[in-house]
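Student:
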Amino acid sequence: MLNNAYIPYGGYYSSPFCKWMGSLANVNSIELGAATSKRWFAARDVDPTLIDYLYLGVSVGQKSIFYGAPWAAAMMGAPQAPGQNITQACATATTAVFNAALAVSAGNFETTYCLLADRPSNGPHTIWPNPNGPGGEVIAENWNMDNIAADPATGKDMLTTAENVAREHGFSREQADELTLRRYEQYAEALADDRAFQKRYMFPVEVAVSRKETKLVEADEGVTATSGEALARLRTVQPDGIHTFGAQTHPADANAGIIVTTRERAEAMSRDPRMVVQVVAYGHARTKPAHMPMAPAESFKRALNQAGLTLDQIKTVKNHSPFIANDLHLAKALGLDAHTFNNYGTSLVYGHPQAPTLARLLIEAIEETALKGGGYALVTGCAAGDSAAALIVKVG
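Under full-length UniProt numbering, the sequence shown has 80 at position 80, and the numbering climbs by one with no breaks.
1) First and last residue of the alpha helix (DSSP H) that includes Ile30?
2) Can you give me the C-alpha to C-alpha distance between Arg211 and Pro353, rounded to a whole angstrom?
3) In chain order, what are the residue ranges of uninterrupted beta strand (DSSP E) at least 3 long that sit wholly in the region 114–187?
4) Could you give the distance in angstroms between the alpha-carbon of Tyr67 and the alpha-carbon of Glu368?
5) For Met158, which option in Arg360, Ala106, Arg271, Gly241 has the closest C-alpha, if you only look at C-alpha atoms?
6) Helix, strand or coil for Val223 per DSSP?
7) Is Leu24 helix, strand or coil by DSSP?
8) Look at the alpha carbon of Gly57 and the alpha carbon of Asn85, and state the distance between them as a whole number of angstroms.
9) What are the start and end residues of the beta strand (DSSP E) that includes Lys332?
10) Looking only at DSSP bridge pairs, what is Asn85 linked to?
11) Since His352 sits in a beta bridge, which residues does DSSP pair it with?
12) Quick test of the definition: if touching needs 3 or more C-beta pairs under 8 angstroms, does the region 268–276 touch the region 356–364?
13) Can you tell which of Leu391, Thr111, Ala89 has the C-alpha that lies nearest to the C-alpha of Ile314?
14) In angstroms, rounded to a whole number, what distance separates the CA positions of Thr154 and Lys288?
15) DSSP beta-bridge partners for Met202?
16) Is the region 112–123 touching the region 28–39, taking contact as three or more C-beta pairs under 8 angstroms?
17) What distance in whole Å lies between the Cβ atoms of Asp253 and Ala93, which are believed to be in contact at a cut-off of 8 angstroms?
18) Rounded to whole angstroms, what's the CA-CA distance from Val27 to Val223? Just pull it up for me.
19) Apart from the five residues just before and just after Asn4, which ones in its own chain have a Cβ nearer than 8 angstroms to its Cβ?
20) Three-state secondary structure (DSSP) at Lys394?
21) Of the choices Thr244, Gly77, Leu361, Ala266, whose alpha-carbon is the least far from that of Thr111?
22) Going by the beta-carbon positions, is the gap between Thr316 and Ala365 smaller than 9 angstroms?
23) From the DSSP output, which residues share a beta bridge with His320?
24) What residue from Thr49, Gly11, Leu216, Arg286 has the CA that sits closest to Arg200's CA?
25) Are there 16 or more other CB atoms within 10 angstroms of the CB of Trp20, so buried, or fewer, so exposed?
26) Is it right to say Lys318 is buried, meaning 16 or more other beta carbons lie within 10 angstroms of its own, or is it exposed?
27) Anyone know if the C-beta pair for Ala219 and Ala389 falls short of 9 angstroms?
28) Taking C-alpha atoms, which residue in Arg167, Cys18, Gly283, Val276 lies nearest to Ala290?
29) Locate the alpha helix (DSSP H) running through Gly375, then write down its first and last residues.
30) I'd like the list of long-range same chain contacts for Ile127, defined as Cβ closer than 6 angstroms, with 5 residues on each side in sequence excluded.
31) Check the DSSP bridge columns for Ile258 and list the partner residues they point to.
32) Is Gln278 helix, strand or coil when you go by DSSP?
33) Can you tell me which of Lys332, Thr346, Arg233, Val395 puts its alpha carbon nearest to the alpha carbon of Gly170?
34) Applying the criterion that 16 or more other CB atoms from any shown protein chain within 10 Å of the CB defines a buried residue, is Pro79 buried or exposed?
35) Between Ala42 and Tyr282, what straight-line distance do the alpha-carbon atoms span, to the nearest angstrom?
36) So does the region 322–337 actually touch the region 176–186, counting three or more Cβ pairs closer than 8 angstroms?
Pasting the structure below:
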C-alpha cells in the first residue's frame, strides 16, 4: 500500500478522444500534449515550476522522442523538471501514476506530473539496416499496425486473444451485442445535459488548421451511434467469433495529464480540499499466452490484496475494453454485474489512443466516485503481451 501520494481533486484533465486520421492525425503527440498541458496549467492557475519530475507516457513513437520527458517539460513551462519516458501500451497511464506515487511516497519528489500523449494516426515506420539481407533488404516495422497484427511472443493478433477468451468461457454473440449496447447507453449518460459529466474533466485541444488559423476540439470525435438492431446486422470479424466491428474499439489520438503530489499540496491544489484523491495500491498480472482479456481480473485481485480491501468496498470500477470480451470476462471472474461498471463510457466506445486510455478511465472513475460521495475506485486494463495493470484510489 502506498503512503502520502495524492492526486488533487480536479488536478487532471483528458483531452477529447479523436478517432484516428481525424483532427489530431497530423500533430506530434508530445508537442500537442505539452501545449495542452501548458494551457491547462494556465486555466487551473497551476504553476508548472512546482513540478519536480515528469513521467511521459508514450507508446507510439513520435519525432524527437529520444529527448522525451525533458523536452515535453520544457515545452509545457517546466524547464527545471527532469523526467523519464514510460511505455506499457494500454497500461501506460496506471503504471506512470504508480511510479509517480512511489517517488512521492518515498520522499524523492513533492510534486510530479504524468503526461500521457499518443497518436496512432500516421504512426512511425521504423527501418533498420540489414546488410546481410538479400540485396540489402531492410528490416521494417509499422509501429501501430504491425503490433496490433501480431504479438511477437505468440504470433497472435489481439482480436484472436479476445476470441480465445470468448470460446474458453462460453460467451455468445448475443451476450456481446447486449453488453456492447449497454456500453453505448452508459456513454450517452456522459453526454446528457450538454455533456455535463465530461465537462467535469475534459479540456479542449487547440490544433493548427493553417499558419494563421487554429481550431478547438472540445468533444470526442468519431463515436458512431448504434442500436440493438444495427449491432445484430453486423458480421463477426472472425467467422466463428463473437466480435463484430461494433464490439471492439477503434484507434484514437489524445492526451491527458495527472498531478501526483503530497497530501498537503493536493489539498492546496484541489477544487474541493475535502475531496483529495489518495493513490492506494497497484496490481499487475500476466495471463496465459494469447488470452489478453483475462489479465485485468488478475491485476484487479492483486490490487485488492495490496490494499487489504475486498470487492464490496470498491464503489466504482472502470475496465479498459478494447473488446467486449474484456468486460464479459471481468464480470464473470469477479462476480460483477457487467451492467454496473464502466459508467459514463469506456474505450470500447470512445476509442483507444494507448497511453491516455487508462488515464481517462481513472479520471472518470474519480469523478464518478465523487458524485457518489467518495470511496474507493478501481481502474484496470489489459496491455500488450497478455498483461494488465490496475490502480486503486480513494476519493474523499
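The beta-carbon is built from N, C-alpha and C at its ideal position, and this holds for glycine as well.
Tutor: Straight from the coordinates:
1) 29–43 is the extent of the alpha helix (DSSP H) around Ile30.
2) Arg211 and Pro353: Cα-Cα distance of roughly 27 angstroms.
3) With a minimum length of 3 residues, the continuous beta strand (DSSP E) runs that stay inside the region 114–187 are 125–128, 139–142.
4) If I take the Cα positions, the gap works out to 36 angstroms.
5) Gly241
6) coil
7) Of the three classes helix, strand and coil, the one that applies to Leu24 here is coil, per DSSP.
8) 6 angstroms
9) Where Lys332 is concerned, there is no enclosing beta strand (DSSP E), although the alpha helix (DSSP H) it sits in stretches over 324–334.
10) Beta-bridge pairing links Asn85 to Leu56.
11) Pro251
12) The region 268–276, when compared against the region 356–364, does not touch it at the 8 angstroms Cβ threshold.
13) Leu391
14) 10 angstroms
15) Ser14
16) yes
17) Rounded, the Cβ-Cβ distance is 15 angstroms, inconsistent with contact.
18) Their backbone Cα atoms lie some 21 angstroms apart in a straight line.
19) Val104, Ser105, Thr262, Arg263
20) strand
21) Ala266
22) In contact: Thr316 and Ala365 (Cβ atoms closer than 9 angstroms).
23) In DSSP, His320 forms no bridge with anything.
24) Gly11
25) Under this definition Trp20 is a buried residue.
26) buried
27) no
28) Arg167
29) First-last for Gly375: 375–383, but that is the beta strand (DSSP E), not the alpha helix (DSSP H).
30) Val138, Ala140
31) Tyr12, Cys114
32) strand
33) Lys332
34) exposed
35) 31 angstroms
36) yes
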